[in-house]
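Participant:
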Amino acid sequence: MYQITCPHCGPRAQTEFTYERTTDSVVDPAGDAQTAMQALYTRANPMGLDDEIWRHTYGCRAWMVLTRHRVSHEIHAVKAIGPEALP
Numbered sequence: 001m002y003q004i005t006c007p008h009c010g011p012r013a014q015t016e017f018t019y020e021r022t023t024d025s026v027v028d029p030a031g032d033a034q035t036a037m038q039a040l041y042t043r044a045n046p047m048g049l050d051d052e053i054w055r056h057t058y059g060c061r062a063w064m065v066l067t068r069h070r071v072s073h074e075i076h077a078v079k080a081i082g083p084e085a086l087p
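Residue 1 is where the sequence shown starts when you use full-length UniProt numbering, and the numbers rise one by one after that.
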């Protein structure tokens, strides 16, 4: 288990959070189906840093983007989610 620093609550146990998905899998509902299928099912699975969407489910319930190393699980950045946080 590791700690995630919530932008609103401060450091908390990872068990309080829920992983949602990587930011590259967020698709535009108005976009075409082929682009959505490619984004959802043919994404890269990098061994290094990746941006992920998490929710502080058992805390303030806020959504955030974590930049996390996929092998070591080291968290490099946490920012509150908003329209500017997604691609």
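Note that CB positions come from ideal geometry on N, CA and C, so glycine has one too.
What you are looking at is a predicted structure, and each value in this text was computed from that prediction instead of being measured.
Under the three-state reduction of DSSP, which class applies to Tyr19: helix, strand or coil?
Facilitator: In this structure, Tyr19 counts as strand in the three-state DSSP scheme.
Participant: For Phe17 and Trp54, which I take to be in contact (beta-carbon distance under 8 Å), what is that distance rounded to the nearest angstrom?
Facilitator: Indeed, because the Cβ distance is near 5 Å, the residues count as touching under 8 Å.
Participant: Compute the beta-carbon to beta-carbon distance between Thr23 and Val65, rounded to the nearest angstrom, for a pair I have assumed lies under 8 Å.
Facilitator: The pair is a contact, with the Cβ atoms about 6 Å apart (cut-off 8 Å).
Participant: With a Cβ-Cβ cutoff of 8 Å, do Tyr19 and Glu52 count as a contact?
Facilitator: The answer is yes: Cβ separation under 8 Å.
Participant: At 4 residues or longer, what runs of the alpha helix (DSSP H) sit wholly inside the segment 8-52?
Facilitator: Fully enclosed alpha helix (DSSP H) runs of 4 or longer: 33-41.
Participant: Residues in the same chain with beta-carbon distance under 8 Å from Leu49, minus the five sequence neighbours each way, listed in chain order, please.
Facilitator: Excluding residues within five positions, the ones whose Cβ falls inside 8 Å are Thr67, Arg68, His69, Arg70, His76.
Participant: Please report the residue range of the beta strand (DSSP E) in which Val65 lies.
Facilitator: Run containing Val65: 63-69, per the beta strand (DSSP E) assignment.
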